[in-house]
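Engineer:
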Amino acid sequence: MGGSRAPRSARALEFFQHQGALELLVFNFLLILTILTIWLFKNRRFRFLHETGGAMVYGLVMGLVIRYATKSYEVEDGAVYDCESLTNSPTTLLINVTDHVYQYEYRGEINKHNINNEKGNAMLQKMTFDPEVFFNVLLPPIIFHAGYSLKKRHFFRNLGTILTYAFLGTAISCIVIGLVMYGFVKAMMQLGQIQAGDFHFTDCLFFGSLMSATDPVTVLAIFHELHVDTDLYTLLFGESVLNDAVAIVLTYSISIYSPKENPNAFDAAAFFQCVGNFLGIFAGSFAMGSGYAVITALISFLCEFPMLETGLFFLLSWSAFLSAEAAGLTGIVAVLFCGVTQAHYTYNNLSEECKLRTKQLFEFMNFLAENFIFCYMGLALFTFQNHIFNALFICGAVISIFVARACNIYPLTFFLNLGRKRRIPWNFQHMMMFSGLRGAIAFALAIRDTDSQPKQMMFTTTLLVVFFTVWVFGGGTTPMLAWLQIRVGVDPDQDLKDLPANQRSENPTQGSTKEESAHLFRIWYGFDHKYPLPCLHFLLKLEI
Numbered sequence: 001m002g003g004s005r006a007p008r009s010a011r012a013l014e015f016f017q018h019q020g021a022l023e024l025l026v027f028n029f030l031l032i033l034t035i036l037t038i039w040l041f042k043n044r045r046f047r048f049l050h051e052t053g054g055a056m057v058y059g060l061v062m063g064l065v066i067r068y069a070t071k072s073y074e075v076e077d078g079a080v081y082d083c084e085s086l087t088n089s090p091t092t093l094l095i096n097v098t099d100h101v102y103q104y105e106y107r108g109e110i111n112k113h114n115i116n117n118e119k120g121n122a123m124l125q126k127m128t129f130d131p132e133v134f135f136n137v138l139l140p141p142i143i144f145h146a147g148y149s150l151k152k153r154h155f156f157r158n159l160g161t162i163l164t165y166a167f168l169g170t171a172i173s174c175i176v177i178g179l180v181m182y183g184f185v186k187a188m189m190q191l192g193q194i195q196a197g198d199f200h201f202t203d204c205l206f207f208g209s210l211m212s213a214t215d216p217v218t219v220l221a222i223f224h225e226l227h228v229d230t231d232l233y234t235l236l237f238g239e240s241v242l243n244d245a246v247a248i249v250l251t252y253s254i255s256i257y258s259p260k261e262n263p264n265a266f267d268a269a270a271f272f273q274c275v276g277n278f279l280g281i282f283a284g285s286f287a288m289g290s291g292y293a294v295i296t297a298l299i300s301f302l303c304e305f306p307m308l309e310t311g312l313f314f315l316l317s318w319s320a321f322l323s324a325e326a327a328g329l330t331g332i333v334a335v336l337f338c339g340v341t342q343a344h345y346t347y348n349n350l351s352e353e354c355k356l357r358t359k360q361l362f363e364f365m366n367f368l369a370e371n372f373i374f375c376y377m378g379l380a381l382f383t384f385q386n387h388i389f390n391a392l393f394i395c396g397a398v399i400s401i402f403v404a405r406a407c408n409i410y411p412l413t414f415f416l417n418l419g420r421k422r423r424i425p426w427n428f429q430h431m432m433m434f435s436g437l438r439g440a441i442a443f444a445l446a447i448r449d450t451d452s453q454p455k456q457m458m459f460t461t462t463l464l465v466v467f468f469t470v471w472v473f474g475g476g477t478t479p480m481l482a483w484l485q486i487r488v489g490v491d492p493d494q495d496l497k498d499l500p501a502n503q504r505s506e507n508p509t510q511g512s513t514k515e516e517s518a519h520l521f522r523i524w525y526g527f528d529h530k531y532p533l534p535c536l537h538f539l540l541k542l543e544i
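Just so we're aligned: 318 in full-length UniProt numbering is position 318 of the sequence shown, and the numbers increase by one with no gaps anywhere.
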């Protein structure tokens with residue numbers, strides 16, 4: 001019997017190799033189709049559909065084909081056996097079968113209602129990616145590109161406003177979504193749809209934290225094409241970039257929040273520990289990312305070798321992410337601020353060829369990773385094995401994100417306008433309210449933990465909310481701009497051109513920015529030009 005196992009294992013290995021190649025071919029085909037569609041959209045404008053929505057449609061169609069048109073393997077390969085001696089869920093399980101020891105790895109809990117589907121289709125299992133692929137491979141280039149391509153002059157001119165939306169706004173959204181969803185969870189308990197111990201208030205806050213991650217990539221792409229008013233673009237872009245970082249750290253902090261007694265009761269000690277974790281992780285990740293950027297700036301004297309220069313730039317930037325993750329911090333926050341700091345300190349030290357290469361490299365990686373994720377979202381609706389659809393929970397999620405967005409944008413803008421020289425008008429506020437789409441970050445946070453049935457319900461709901469917001473609000477962006485009478489065709493550098501020639505500067509953080517910015521930026525501007533920049537220039541002279 002032992003001898004008969006070896007050929008079967010070899011056949012199984014060959015089968016999974018073929019499945020792996022087919023899996024990559026499917027995604028390769030989806031990306032090719034998406035790129036051709038984007039080319040079509042560039043030449044012929046479609047009013048109510050953007051390329052990200054199209055990528056999701058292609059993923060949905062492919063997922064439908066895979067789920068209902070692929071062959072199932074023998075049921076015996078997925079047979080269910082009772083293990084009464086196991087009292088927990090081990091990460092690795094060693095099984096002795098007639099003197100042959102086999103190793104199996106933990107993949108997660110399976111919904112009892114989906115056991116037949118789970119054990120019947122190997123292709124569906126192969127098409128479900130390890131969630132860590134999203135965090136370690138796909139998200140870093142997207143987040144780094146957001147920081148590296150930041151328009152610094154407009155960003156710093158609105159620094160205080162962006163920080164307010166990103167930190168206070170995200171916290172408000174998390175709390176409001178958590179409270180609204182807790183009300184819906186209570187209603188679900190009353191209707192007998194879930195048991196009393198299935199959902200706690202901390203679970204609702206966890207859902208609120210991941211759903212507070214806005215990702216208006218569709219809206220911003222349309223803004224960029226139409227050259228929408230620069231301040232509106234900057235506010236939305238800056239908020240979304242920092243909001244992602246805050247939401248990720250907030251999600252982690254809430255996940256480790258553990259009251260000693262009742263999970264639904266408020267525990268002051270656990271709360272302050274959670275706040276401390278949030279501040280510590282965010283500050284540590286910020287320092288890690290900025291530190292790697294400064295190191296890159298210091299060794300950027302290899303200008304005569306652009307290939308080496310580009311390689312070091314890429315590897316040190318990625319090292320910021322990996323080092324933060326290895327240190328128990330948040331790599332996404334580290335790589336974001338690494339990108340911002342690289343753009344500020346390192347970029348001007350690079351050779352002209354390296355400047356072009358790094359810009360194009362990260363723009364290309366961002367393009368592929370972003371479209372891959374949107375294709376995978378469509379695919380996941382049919383390939384993920386443990387979906388739990390609950391109409392009441394889904395309706396509650398849709399309602400809660402709009403209530404939270406309103407509680408975020410309008411009150412904060414009212415207080416911000418009291419101190420701003422350039423007030424945020426009502427049509428901008430309505431557009432920001434409309435642009436609260438969910439996307440890659442919310443999806444990645446939700447898919448990272450689907451071990452329990454409440455988390456599986458959250459993932460399914462998050463996926464549907466992403467579909468709804470991208471298709472409905474992403475598709476309605478152009479008509480909404482016209483209805484709100486927001487300017488398009490605006491030159492982003494017009495305010496700089498209006499300055500006298502002797503006040504213009506090559507440094508985007510100088511010129512009009514310093515005069516127009518709030519007190520917060522002027523403090524940073526003075527510190528930056530008094531300490532970091534002179535020190536960096538001095539060290540570079542020593543190296544040369």
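Beta carbons: idealized from backbone N, C-alpha and C, even for Gly.
Relative to the C-alpha of Ala187, which candidate in Phe393, Gly476, Pro411 and Ala334 has its C-alpha closest?
Structural biologist: Phe393
Engineer: Looking at Tyr292: is its Cβ nearer than 8 Å to the Cβ of Leu316?
Structural biologist: yes
Engineer: Which whole runs of the alpha helix (DSSP H) in the stretch 333-401 are 4 residues long or more, in chain order?
Structural biologist: 352-383
Engineer: In the DSSP assignment, what residue or residues form a beta bridge with Val101?
Structural biologist: Asn96
Engineer: Check whether the stretch 365-383 and the stretch 431-445 touch, using three or more Cβ-Cβ pairs below 8 Å as the test.
Structural biologist: yes
Engineer: The alpha helix (DSSP H) with Cys204 in it runs from where to where?
Structural biologist: Unbroken alpha helix (DSSP H) run through Cys204: Phe201 to Met211.
Engineer: Per DSSP, which residues does Thr461 bridge with? Please list them.
Structural biologist: Looking at the DSSP assignment, Thr461 forms no beta bridge with any residue, so it has no partner.
Engineer: Per DSSP, what are the beta-bridge partners of Thr214 in this structure?
Structural biologist: Arg438
Engineer: In whole angstroms, what separates the C-alpha of Thr383 from that of Ser351?
Structural biologist: 46 Å
Engineer: Using CA coordinates, which residue listed in Ser173, Phe467, Leu31 and His224 is at the minimum distance from Leu205?
Structural biologist: Ser173
Engineer: Quick check for students: name the residue ranges of the alpha helix (DSSP H) that lie wholly in the stretch 118-170, counting only runs of 4 or more.
Structural biologist: Fully enclosed alpha helix (DSSP H) runs of 4 or longer: 122-126, 139-148, 152-157 and 159-163.
Engineer: Alpha carbon to alpha carbon, how far is Gln17 from Met211?
Structural biologist: Rounded to the nearest angstrom, the two C-alpha atoms are 36 Å apart.
Engineer: Whose C-beta lies closer than 6 Å to the C-beta of Val465 among residues of the same chain, with five residues either side of it excluded?
Structural biologist: Ala397 and Arg438
Engineer: Hey, how far is the Cα of Ala213 from the Cα of Ile248?
Structural biologist: 8 Å
Engineer: Run the CB neighbour count on Met307, radius 10 Å, all protein chains shown included, and call it buried at 16 or more, exposed below.
Structural biologist: exposed
Engineer: Three or more C-beta pairs closer than 8 Å, one from the stretch 226-237 and one from the stretch 482-491: is that the case here?
Structural biologist: In short, these stretches touch, since the Cβ pair count reaches three.
Engineer: Taking the continuous alpha helix (DSSP H) assigned at Trp483, which residues delimit it?
Structural biologist: Note, Trp483: alpha helix (DSSP H), Thr477 to Trp483.
Engineer: In whole angstroms, give me the CA-to-CA distance for Arg44 and Phe415.
Structural biologist: C-alpha separation (whole angstroms): 42 Å.
Engineer: What do you get for Thr91, buried or exposed, if any count of 16 or more other CB atoms within 10 angstroms of its CB means buried?
Structural biologist: exposed
Engineer: If we cut at 8 Å on Cβ distances, does Leu322 have a partner in chain C?
Structural biologist: Chain labels in this structure do not include chain C; a single protein chain is all it has.
Engineer: Between the Cα of Leu250 and the Cα atoms of Ala171, Pro479 and Asn136, which residue gives the shortest distance?
Structural biologist: Ala171
Engineer: Are Ile399 and Val61 touching if we call contact CB-CB under 8 Å?
Structural biologist: no
Engineer: Identify which residue in Cys354, His430, Glu14 and Gly289 has its Cα closest to the Cα of Thr331.
Structural biologist: Correcting the residue type first, residue 331 is Gly in the shown sequence and not Thr. It is Gly289.
Engineer: By how many angstroms is the C-alpha of Glu132 removed from the C-alpha of Glu14?
Structural biologist: Using only the alpha carbons, I get a separation of about 25 Å.
Engineer: Are there 16 or more other CB atoms within 10 angstroms of the CB of Ile409, so buried, or fewer, so exposed?
Structural biologist: buried
Engineer: Quick one: is Glu353 buried, meaning 16 or more other Cβ sit within 10 Å of its Cβ, or exposed?
Structural biologist: exposed
Engineer: Please identify the residue among Gly63, Gly147 and Ser89 whose C-alpha is closest to the C-alpha of Leu336.
Structural biologist: Gly147
Engineer: When you compare each of Met365, Ser300, Thr128 and Ser323 to Ala343 by their alpha carbons, which one comes out closest?
Structural biologist: Checked all of Met365, Ser300, Thr128 and Ser323; the closest Cα to Ala343 is Ser300.
Engineer: Ignore the nearest five residues each way along the sequence and tell me which others in Phe199's own chain have a CB closer than 6 Å to its CB.
Structural biologist: Val185 and Pro454
Engineer: Could you tell me the boundaries of the alpha helix (DSSP H) in which Trp471 lies?
Structural biologist: Counting along the chain, no alpha helix (DSSP H) covers Trp471, and no H or E run does either.
Engineer: Determine the extent of the alpha helix (DSSP H) in which Ser319 is found, giving its start and end residues.
Structural biologist: Pro306 to Ala326
Engineer: Going by C-alpha distance, which of Lys355, Phe402 and Pro425 is nearest Gly208?
Structural biologist: Phe402
Engineer: Do Val217 and Leu481 count as a contact pair if the criterion is CB distance below 8 Å?
Structural biologist: no
Engineer: Hey, out of Phe321, Ser452 and Leu484, whose CA is closest to Leu138's CA?
Structural biologist: Taking only the C-alpha atoms, the option nearest Leu138 is Phe321.
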